[in-house]
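Residue numbers (the numbering used here): 5 to 160.
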């Protein structure tokens, strides 16, 4: 495996690591706890802008993942359409998980935009939203672990 193949394979994981660190920092899970989302004071526009950034970043992550997989397999000259879209082993679970996560974010985005209601950040009703964020973070960690297993399969 030459350096170009290694760069292609590592493109998606490196971007993903920085994206996850950024998301964890925004949610106050890592680093300085005072650096919470800018909408803690109640600015709804900042919250929506941050969520839009996360949504666009998710699309970018999935596109770079598929692009890296396609570029790597084309360089190896051992590809089929089925293998590019749904690779074998841990790669298939990682791919399905990424597409499922993107679908979930898209569903939640459209559901949220269909009914806008004012929410109070510290209310009991909104505590389920925080639990949901934690669930999403757990799914991201599982997804990253599957990606790590797939990376171990790809590297010689």
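We treat Cβ as the ideally placed atom computed from N, Cα and C, and that holds for glycine.
Excluding the five sequence neighbours on either side, which residues of its own chain have a C-beta within less than 6 Å of the C-beta of residue i, listed in chain order?
i: residue 91; result: none
i: residue 52; result: none
To the nearest angstrom, how far is it from the Cα of residue i to the Cα of residue j?
i: residue 68; j: residue 77; result: 14 Å
i: residue 71; j: residue 16; result: 9 Å
i: residue 142; j: residue 21; result: 15 Å
i: residue 112; j: residue 73; result: 27 Å
i: residue 154; j: residue 115; result: 33 Å
i: residue 83; j: residue 158; result: 14 Å
i: residue 8; j: residue 156; result: 17 Å
i: residue 75; j: residue 10; result: 11 Å
i: residue 58; j: residue 139; result: 16 Å
i: residue 108; j: residue 80; result: 33 Å
Might you give, ordered along the chain, the residues of its own chain that have their beta carbon closer than 7 Å to the beta carbon of residue i, omitting 5 neighbours on each side?
i: residue 150; result: 94, 97, 98, 101
i: residue 137; result: 31
i: residue 87; result: 77
How would you write the range of the alpha helix (DSSP H) that residue i sits in, first residue to last?
i: residue 92; result: Run containing residue 92: none; DSSP gives neither H nor E here.
i: residue 10; result: 7-30
Mind reading off the beta-carbon distance from residue i to residue j? Whole number of angstroms is fine, and I expect it under 8 Å.
i: residue 65; j: residue 13; result: Contact flag wrong, Cβ pair sits at about 15 Å.
i: residue 23; j: residue 61; result: 6 Å
Regarding residue i and the ligand MG, is the C-beta to nearest heavy atom distance less than 7 Å?
i: residue 63; result: This structure simply doesn't include the ligand MG, nor any ligand for that matter.
Going by beta carbon distance, what residues of the same chain come within less than 8 Å of residue i, once the five residues before and after it are set aside?
i: residue 160; result: 5
i: residue 63; result: 106
Exercise. Considering only residues of the segment 49-90, which uninterrupted alpha helix (DSSP H) runs meet the minimum length of 4 residues and lie entirely inside it, listed in chain order?
Worked result: 85-89
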